[in-house]
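Some notes on the structure that comes next.
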Amino acid sequence: MVVRELDGPFRAIEGDRSDRTEPCLIADTESSDAEVIQRSLHDPDAFSVMFDRHAPALHRYVTRRLGDALADDIVAETFLAAFRRRSRYDLTRPDARPWLYGIAANLVGRHRRTEVRFYRALARTGTDEVAESYADRVAERVTASAAHRDLARALAVLSRQDREVLLMVAWADLTYDEVATALGIPIGTVRSRLHRARRKTREALGARIEEEYGRG
0 MVVRELDGPF
10 RAIEGDRSDR
20 TEPCLIADTE
30 SSDAEVIQRS
40 LHDPDAFSVM
50 FDRHAPALHR
60 YVTRRLGDAL
70 ADDIVAETFL
80 AAFRRRSRYD
90 LTRPDARPWL
100 YGIAANLVGR
110 HRRTEVRFYR
120 ALARTGTDEV
130 AESYADRVAE
140 RVTASAAHRD
150 LARALAVLSR
160 QDREVLLMVA
170 WADLTYDEVA
180 TALGIPIGTV
190 RSRLHRARRK
200 TREALGARIE
210 EEYGRG
């Protein structure tokens with residue numbers, strides 16, 4: 000997906016970074032997300048720091064859920080939506096990951112049938128696109144093709160709401176409070192959905208799931 004509406008701040012999405020010379024846009028590791036967003040209200044180009052900071056992890060997360068073919072579009076749409084809504088961001092929250100993953104969750108939700116088909120295909124083939132493309136720690140935990148198939152089969156039968164909570168905790172590394180913020184639900188609902196998802200997944204996978212989802 001090529002985002003043309005916001006030529007300046009979204010050159011990162013388009014892939015054109017040749018004229019990115021401002022020091023604050025090359026590397027900003029000290030400012031919180033909230034500070035970056037606040038600065039972007041007056042300097043729209045500053046928002047590209049958010050893309051540089053969070054897009055790689057978000058792309059891995061979406062790829063694990065929908066496959067690589069849709070991940071680029073979902074990530075681009077997530078950051079475009081975030082840019083448009085940045086004036087409404089709660090600046091008391093220094094970490095914007097829950098906000099970004101909440102936006103992404105809504106976009107992923109539009110493709111829930113694709114997600115289920117993706118897991119069913121993975122259950123047949125045992126090929127994890129993220130494991131093939133990235134050396135992330137989650138992929139390293141479940142390396143055998145049989146385990147990939149079993150995991151995908153278990154995820155495919157979960158409800159969308161339960162799967163969303165489970166994967167935000169397990170794959171996005173969000174806390175319960177962050178998941179509640181991302182999805183706009185009470186933390187008690189996060190706990191109940193996560194408990195139900197873990198129970199159903201353990202029933203499908205047995206002892207193997209303990210290593211992947213047993214924490215918390």
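Every letter in the sequence shown is one number past the one before it in numbering that gives the first Met the number 0, and letter 2, counting from 1, is 1.
Glycine included, C-beta positions come from ideal geometry on N, C-alpha and C.
Classify L157: buried if its beta carbon has 16 or more other beta carbons within 10 angstroms, exposed otherwise. Translated into the one-based positions of the sequence shown, residue 157 becomes position 158. Flag for L157 reads buried.
Comparing C-alpha positions only, which one of E29, W98, L121 and A171 sits nearest to L79? Position 80 of the sequence shown, counted from the first residue, corresponds to residue 79. It is W98 whose Cα lies nearest to the Cα of L79.
Segment limits, alpha helix (DSSP H) that includes F78: Here residue 78 refers to the residue found at position 79 of the sequence shown. Run containing F78: D67 to R84, per the alpha helix (DSSP H) assignment.
Y88 (DSSP reduced to helix, strand or coil): Indexing the sequence shown from 1 puts residue 88 at position 89. Coil, per DSSP.
Measuring CB to CB, does L40 end up less than 8 Å from T77? Taking the first residue of the sequence shown as position 1, residue 40 is located at position 41. Taking the first residue of the sequence shown as position 1, residue 77 is located at position 78. Contact annotation: L40 and T77 have beta-carbon atoms that are not nearer than 8 Å.
Just mark R85 as buried or exposed, buried being the case when its beta carbon has 16 or more other beta carbons within 10 Å. Your numbering for residue 85 matches position 86 in the sequence shown. Under this definition R85 is a buried residue.
Determine the burial state of H53: buried for a count of at least 16 other Cβ atoms within 10 Å of its Cβ, exposed for fewer. Translated into positions along the sequence shown, residue 53 becomes position 54. Buried is the label assigned to H53, since at least 16 other Cβ atoms lie within 10 Å of its Cβ.
Please say whether Y118 and D165 have beta carbons closer to each other than 8 Å? For the purposes of this step, residue 165 is taken as residue 166 along the sequence shown, with counting starting at 1. For the purposes of this step, residue 118 is taken as residue 119 along the sequence shown, with counting starting at 1. With the sequence shown as reference, residue 165 is identified as Leu, and Asp is not the correct amino acid for it. No; because the gap between Cβ atoms is not below 8 Å, this pair is not in contact.
Straight-line CA distance for I73 to E202? Indexing the sequence shown from 1 puts residue 73 at position 74. Indexing the sequence shown from 1 puts residue 202 at position 203. Taking C-alpha positions only, I73 is separated from E202 by approximately 31 Å.
For W170, three-class secondary structure by DSSP: The residue given as residue 170 occupies position 171 in the sequence shown. Coil at W170, not helix or strand.
Among R162, L204 and D32, nearest to L65 - alpha-carbon criterion: Counting from one through the sequence shown, the residue named residue 65 turns up at place 66. With respect to the C-alpha of L65, the residue from R162, L204 and D32 having the closest C-alpha is R162.
Can you give the Cα-Cα distance for R197 and V189, rounded to whole angstroms? Along the sequence shown, read from residue 1 onward, the residue named residue 197 stands at position 198. Along the sequence shown, read from residue 1 onward, the residue named residue 189 stands at position 190. Rounded to the nearest angstrom, the gap between the Cα atoms of R197 and V189 is 12 Å.
Counting only the same chain and skipping the five closest in sequence on each side, list residues whose C-beta sits under 7 Å from that of R192. Within the sequence shown, numbered from 1, the residue matching residue 192 stands at position 193. Hits under 7 Å: Q160, D161 and V164.
Taking the alpha-carbon positions, what's the K224 to S47 distance? Nothing can be reported for residue 224: it is not among the residues displayed for the chain, which extend from 0 to 215.
For the candidate residues A120, D172, E177 and V168, whose alpha-carbon lies nearest to that of D149? Residue mapping note: residue 149 aligns to position 150 of the sequence shown, counting from 1. When each option's Cα is compared against that of D149, the closest is A120.
Does the Cβ of E29 have 16 or more other Cβ atoms within 10 Å, making it buried, or fewer, making it exposed? The residue labelled residue 29 in the question sits at position 30 within the sequence shown. Flag for E29 reads exposed.
Taking a contact to mean a Cβ-Cβ separation below 8 Å, would you say R181 touches G108 in this structure? Locating residue 181 in the sequence shown gives position 182, where the first residue counts as 1. Locating residue 108 in the sequence shown gives position 109, where the first residue counts as 1. As written in the sequence, residue 181 is Ala, which differs from the Arg given in the question. Result no, Cβ atoms of A181 and G108 do not sit closer than 8 Å.
Residue span of the alpha helix (DSSP H) that contains E177, given as start and end: The sequence position of residue 177 within the sequence shown is 178, counting from 1. In this chain, the alpha helix (DSSP H) harbouring E177 covers Y175 to L182.
Tell me whether D32 is buried or exposed, calling it buried when 16 or more other Cβ atoms sit within 10 Å of its Cβ. By one-based count along the sequence shown, residue 32 stands at place 33. By the neighbour-count rule (16 or more Cβ atoms within 10 Å), D32 is buried.
So L69 and H110 are in contact, right, with Cβ under 8 Å, and what is the actual spacing, rounded? Taking the first residue of the sequence shown as 1, we reach residue 69 at position 70. Taking the first residue of the sequence shown as 1, we reach residue 110 at position 111. Correct: roughly 6 Å between the Cβ atoms.
Return the first residue and the last residue of the alpha helix (DSSP H) that P97 is part of. To locate residue 97, count along the sequence shown from 1; it is residue 98. Looking at the DSSP string, the run of the alpha helix (DSSP H) that includes P97 is R96 to G108.
One question on the structure: do I36 and A75 come within less than 8 Å of each other, judged by their Cβ atoms? Indexing the sequence shown from 1 puts residue 36 at position 37. Indexing the sequence shown from 1 puts residue 75 at position 76. In this structure, A75 does not lie closer than 8 Å to I36 by Cβ.
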